[in-house]
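Under the numbering used here, think of the first position of the sequence shown as 733, with each following residue one higher. Here's the structure, in structure tokens; my notes come after.
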Amino acid sequence: MIKDCKSRHVFGESDKLIGQKVAHALAKGLRVIACTGEKLAEREKFVFEKKEVIADNVKDWSKVVLACEPVWAIGTSKTATPQKAQEVHEKAPVSIYGGSVMGATCKELASQPEVDGFLVGDASLKPEFVDIINAKQ
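So, in structure tokens, the structure goes:
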């Protein structure tokens, strides 16, 4: 899993470096979960530019899962609307959402055709995890 939200905001890694990490992992034969995420103020710019940095480095999407982790949602109980999650995920063949996934919101998020699953944090340690597991059924 190549996480860019912490890498960018804590360690100051550039978008270009994140893309290079994805390319390097693929070149070494690894399957990649490429995490992308944005602060609330960056959201509009992110949707158009962020995925391109990864997409420019991927020729075979069969080995890549795109995980969207909006920094503004992680650990806040704020979740992107299903429509916003759909916007981010519509370009990648397999994509998962990871911004404050909770039992209460997962059904609606899972109803979006391009959201294939979830990257679950704290909720994976709670009874509501069963609801998240069953959300796509």
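Ideal Cβ positions, reconstructed from N, Cα and C, are used throughout, including at glycine. All values reported here derive from a predicted model rather than from experimental measurement.
Do you know how far the Cα of residue j is from the Cα of residue i?
| i | j | result |
| --- | --- | --- |
| K839 | A867 | 5 Å |
| K735 | V790 | 16 Å |
| G706 | D863 | Residue 706 lies beyond the range of the chain shown here (733 to 869); nothing can be said about it. |
| Q869 | L851 | 17 Å |
| V754 | D848 | 20 Å |
| L758 | L749 | 14 Å |
| K760 | G853 | 28 Å |
| E846 | W793 | 15 Å |
| K858 | L841 | 19 Å |
| E745 | H756 | 15 Å |
Suppose the cutoff is 8 Å on Cβ atoms and the five residues either side in sequence are ignored; what does the same chain contact list for residue i look like?
| i | result |
| --- | --- |
| R763 | K795, V796 and V797 |
| I865 | none |
To which residues of the same chain is residue i closer than 6 Å at the C-beta, ignoring the five residues directly before and after it?
| i | result |
| --- | --- |
| A799 | I765, C767, I828, G830 and L851 |
| V826 | V797 and D848 |
| F743 | none |
Using a Cβ-Cβ cut-off of 7 Å (strictly less than) and excluding sequence neighbours within five positions of residue i, which residues of its own chain qualify?
| i | result |
| --- | --- |
| G751 | V785, I786, D788 and N789 |
| M733 | I765 and C767 |
| F780 | Because the pLDDT at F780 is just 48, under 50, the model does not fix this residue reliably, and the value given afterwards should be weighed accordingly. Within the same chain, F780 has no close Cβ partners at all. |
Consider the Cβ of residue i: report whether some Cβ of chain C lies at a distance smaller than 8 Å.
| i | result |
| --- | --- |
| H741 | Among the chains of the structure shown, chain C does not appear; only one protein chain is present. |
For this session: Kindly provide the ranges of any alpha helix (DSSP H) runs that are 4 or more residues long and lie completely inside the segment 826-857, ordered along the chain.
Result: Taking only runs of at least 4 residues, the alpha helix (DSSP H) segments lying wholly in the segment 826-857 are 835-842.
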